[in-house]
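Scroll down for the structure; my scribbles are underneath it.
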Amino acid sequence: APPHALSLEELAAQLRHHRVTSLWLTAALFEQMALHQGEALAGVRQVLAGGDVLPAARVLEHLARIPEGTTFLNGYGPTENTTFSATFTLSRDSVVEGPVPIGRPLSNSTVYVLDARLHPVPVGVAGEVYVGGQGLAWGYLHRPDLTAERFVPHPFASSPGERLYRTGDKARWREDGTLDFLGRVDFQVKVRGFRIEPGEIEAALRSATGV
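The sequence shown begins at 1 in UniProt numbering and counts up one residue at a time.
Rendered as structure tokens:
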């Protein structure tokens, strides 16, 4: 049969047939699997989801199904820092009150929450997320203007030439050292894990004849 996108039922069957132990899903696909194929998903020893805000209700339902020793991870990070910069690990006994935290930085990654003057904000205060580390991209191909705008000099660098990526995301540190995601500082939205820039759509429409 020619390749095709798996239905939720087909994906669940594959998880069972191959006894999958580790699975990465976009937030949107996790939500659909938790709603419609929850038992199959609960049989996976480690599930990692990200790319958008996770629905806390679906996470709680998933945690209630999984056995001891099984973990669920909420992954956060932009493609510009090799996709994940921070994760938050949950288990069957985890308590989730409100939005699911995005966790702590991974090894060899750094996460800062800064104000408009690139100063760290206190715990509990919202700021913009800047990420860096060994996974940071060099920049955007043939886009030096955008590279200069988003990849900024590291204000706390231990060696010359280090940079941080300005994500455009808002977050705050919690007392326990984990991060809460608070949305965007601009108008970017996510659709099934894909970034959508309304400003770019508006610019394209304005340049079209007859608009």
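All residues carry an ideal CB built from backbone N, CA and C; glycine is no exception.
Just verifying my parser: in three-state terms, what is the DSSP assignment at glutamine 32?
Position 32 of the sequence shown, counted from the start, is the residue given in the question as residue 32. Three-state result, glutamine 32: helix.
Please work out which residues of its chain come closer than 6 Å, Cβ to Cβ, to arginine 45, disregarding the five sequence neighbours upstream and downstream, and give them in chain order.
Counted from its first residue, the sequence shown places residue 45 at position 45. Annotation for arginine 45: Thr21 and Thr70 place their beta carbon closer than 6 Å to its own, counting only its chain and skipping 5 residues before and after.
Below 7 Å CB to CB, which residues in the same chain sit around serine 94 once its five sequence neighbours on both sides are set aside?
Here residue 94 corresponds to residue number 94 of the sequence shown, with the count starting at 1. If we look at serine 94 and ignore the five residues flanking it on each side, its Cβ neighbours are Leu63.
Only counting runs of 4 or more residues, tell me where the alpha helix (DSSP H) segments fall wholly within the segment 4-51, in order along the chain.
8-17, 27-36 and 38-42
Can you tell me which of Pro55, Tyr140 and Pro144 puts its alpha carbon nearest to the alpha carbon of glutamate 97?
Here residue 97 refers to the residue found at position 97 when the sequence shown is read from its first residue. Closest by alpha carbon: Pro55.
Can you list, in chain order, the residues of its chain with a C-beta nearer than 7 Å to that of alanine 34? Leave out the 5 residues immediately preceding and following it.
Mapped onto the sequence shown, residue 34 falls at position 34. Excluding residues within five positions, the ones whose Cβ falls inside 7 Å are Leu41, Arg58, Glu61 and His62.
Would you mind listing the alpha helix (DSSP H) stretches within the segment 140-195 that are 4+ residues and don't spill past its ends, in chain order?
Complete alpha helix (DSSP H) runs here, min 4: 144-150.
Out of curiosity, what's the CA-to-CA distance linking residue 234 and leucine 136?
One cannot answer for residue 234 here, as it falls past the ends of the chain, which runs 1 to 211.
Measure the C-alpha to C-alpha separation of leucine 8 and threonine 87 and round it to an integer number of angstroms.
Here residue 8 refers to the residue found at position 8 of the sequence shown. Here residue 87 refers to the residue found at position 87 of the sequence shown. Computed Cα separation, rounded: 25 Å.
In terms of residues, what are the limits of the alpha helix (DSSP H) holding valine 59?
Counted from its first residue, the sequence shown places residue 59 at position 59. Per DSSP, valine 59 belongs to the alpha helix (DSSP H) from 56-65.
Asparagine 81 lies in the beta strand (DSSP E); which residues open and close that run?
Numbered from its first residue, the sequence shown carries residue 81 at position 81. Here asparagine 81 belongs to no beta strand (DSSP E), and DSSP marks it neither H nor E.
If you reduce the DSSP assignment to three classes, tell me which class leucine 114 lands in.
What you label residue 114 is simply residue 114 of the sequence shown in a count that begins at 1. Correct three-state label for leucine 114: strand.
Bounding residues of the beta strand (DSSP E) (the contiguous stretch that carries glutamate 68)
By 1-based counting over the sequence shown, the position of residue 68 is 68. Run containing glutamate 68: none; DSSP gives neither H nor E here.
Suppose the cutoff is 6 Å on Cβ atoms and the five residues either side in sequence are ignored; what does the same chain contact list for alanine 126 look like?
Walking along the sequence shown from the start, residue 126 turns up at place 126. These residues qualify, in order along the chain: Lys170, Arg172 and Leu182.
Kindly list the residues whose CB is nearer than 7 Å to the CB of alanine 27, restricted to its own chain and excluding five residues on each side of it in sequence; keep chain order.
Stepping through the sequence shown from its first residue, residue 27 is reached at position 27. So the list reads Ala49, Gly50, Gly51, Asp52, Val53, Leu54 and Gly193, once near-sequence residues are dropped.
Expected contact under 8 Å - CB spacing of tyrosine 140 and leucine 164 to nearest Å
Walking along the sequence shown from the start, residue 140 turns up at place 140. Walking along the sequence shown from the start, residue 164 turns up at place 164. At roughly 15 Å, the Cβ-Cβ gap does not stay under 8 Å, so tyrosine 140 and leucine 164 are not in contact.
Give me whichever residues DSSP pairs with leucine 90 in a beta bridge.
Here residue 90 corresponds to residue number 90 of the sequence shown, with the count starting at 1. In the DSSP output, where bridge partners are listed per residue, leucine 90 has Phe72.
Cβ-Cβ separation, leucine 106 to phenylalanine 84 (assumed contact under 8 Å), whole Å
Taking the sequence shown and counting its residues from 1, one reaches residue 84 at position 84. Taking the sequence shown and counting its residues from 1, one reaches residue 106 at position 106. Phenylalanine 84 to leucine 106, Cβ: 6 Å. Contact.
Which whole-angstrom value describes the C-beta separation of aspartate 180 and proline 122, a residue pair presumed to lie in contact below a C-beta threshold of 8 Å?
Here the question's residue 180 lines up with position 180 in the sequence shown. Here the question's residue 122 lines up with position 122 in the sequence shown. Not quite, the Cβ-Cβ distance comes to about 14 Å (not below 8 Å), so this is no contact.
Please report the distance separating the alpha-carbon of threonine 147 from that of asparagine 74.
Your numbering for residue 147 matches position 147 in the sequence shown. Your numbering for residue 74 matches position 74 in the sequence shown. Threonine 147 and asparagine 74: Cα-Cα distance of roughly 28 Å.
Please identify the residue among Arg143, Arg166 and Gln37 whose C-alpha is closest to the C-alpha of aspartate 115.
Position 115 of the sequence shown holds residue 115. The candidate whose alpha carbon is nearest that of aspartate 115 is Arg166.
By alpha-carbon positions, which one of Gly161, Arg117, His142 and Gly168 ends up nearest to glycine 77?
The sequence position of residue 77 within the sequence shown is 77, counting from 1. The shortest Cα separation from glycine 77 among Gly161, Arg117, His142 and Gly168 belongs to Gly168.
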